[in-house]
Each structure stands twice: as C-alpha cells, then as structure tokens.
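Position in the sequence shown (first residue = 1) + 1 = this note's numbering. Just so you know, even glycine gets a beta-carbon here, dropped at the ideal spot from N, CA and C. Here the structure is a predicted model, which is why all the values come from computation and not from measurement.
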Amino acid sequence: MTEIMNHQWTITRTDSSNKDFQHLVHQLDQYLAIRNGDDNAFFAQFNKIDRIRHVVLAYRDEQPVGCGAMKEYDPHTMEIKRMFVPAALRGKGIARLVLAGLESWARELGYKRCILETGNDMRDAVGLYTKSGYSTIPNYGQYAGVDSSVCFEKVL
C-alpha cells in the first residue's frame, strides 16, 4: 500500500479486496442502477471488481471519500473504471486527485495511455475528464454502438 498525502486528502494504492473500496463501489452501483434504469444490467456486466489489482482510494480523516480503479486493456493501455465520489463530497477536487493518482501509477507501470467510458449525460464526469486532458474517441469494445456512452483517452 502506497500513500500520498496533501493538506486535505490521503491517497492510497490498494486492490479490490479493500473493504473501503467495496463499500464505495456498492454506493456507486446503487447510484448507477437508478441512473441507468433498464440499461443497467448491460453496463453492470463490465464493472465487476473481483481481482482488480490497481485501486486508488482517497481518505479524509481516515474516512473513504472517493475511489477509482484501472485494469489493463492492452499492453500499452489502462482502462479507468469505478470512479466515484459520494454526492455530498463532489466539487472538492477528490475525483481529480484520484484520477491523477491512477494516471501516475499507470505511467510508473509503463503504460502509454488511459481510456475510459462514461455516460454521455453525466456532465460532472465528462467535465472532469475533459478538464483532466482527456479527448473523446470512438466508442471502443463493448461500448461501440452504445448511444448513451462516450469514451475518452489520454496519452500519458
């Protein structure tokens, strides 16, 4: 476990066996089930968290306040997954810090880019990725042809 601290948050590297990560992902899944409605089962099949080796958690006062994960998409690319900050804590820079932590870790591991998918109506997420240097790309893999999805990439 690696920790990076700033004046407000502690960023920790871990894996998907971490109970705080599992708790935040449970909240994320509840949020997405409502947001995605009838399409939720399609998206849920691609968001399993067993055996994810690269998870970043944000803490404040030892309480988990945000998470993100990544998994190898191809030998040069990591796919960002399971980004979440509870609604009451959004707008404080937590997601940006988690995302930067994932990108830094991907660079250390030798990956050249990160990709991700989000809902095209999730304005906060789209804004986060755009402000963080991500560019839209054609929908990849299982998201090709899915009108409600938008995909992004960032060269590291």
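With a cutoff of 7 Å on beta-carbon distance, E154 and I116 are scored as near each other.
The C-alpha of G94 lies about 23 Å from the C-alpha of K20. As DSSP reads the structure, K155 sits in a beta bridge with C115. For the region 63-143, the continuous alpha helix (DSSP H) assignments of 4+ residues that do not extend past its boundaries occur at 95-109 and 124-132, in sequence order.
When secondary structure is reduced to three states using DSSP, V26 falls in the helix class. Around the beta carbon of K113, fewer than 16 other beta carbons sit within 10 angstroms, so the residue counts as exposed. Between the C-alpha atoms of P139 and S150 there is a straight-line separation of about 10 Å. Judged by beta-carbon spacing, S133 lies within the 7 Å limit of L100, meaning their Cβ atoms are closer than that value. The beta carbon of A145 sits closer than 8 Å to the beta carbons of P139 from its chain, once the five residues preceding and following it are set aside; these are given in chain order. For E118, the closest of L90, M79 and A107 by C-alpha to C-alpha distance is M79. In terms of CA proximity to F85, P65 leads the group P76, H77, S18 and P65. In this structure, the straight-line span from the alpha carbon of D122 to that of D30 is close to 17 Å. The alpha-carbon of R97 is positioned some 10 Å away from that of R91. If you compare the alpha carbons of P87, D75 and L33 with that of A59, the shortest gap goes to P87.
Residue pairing for L58: DSSP places it in a beta bridge opposite T13 and C68.
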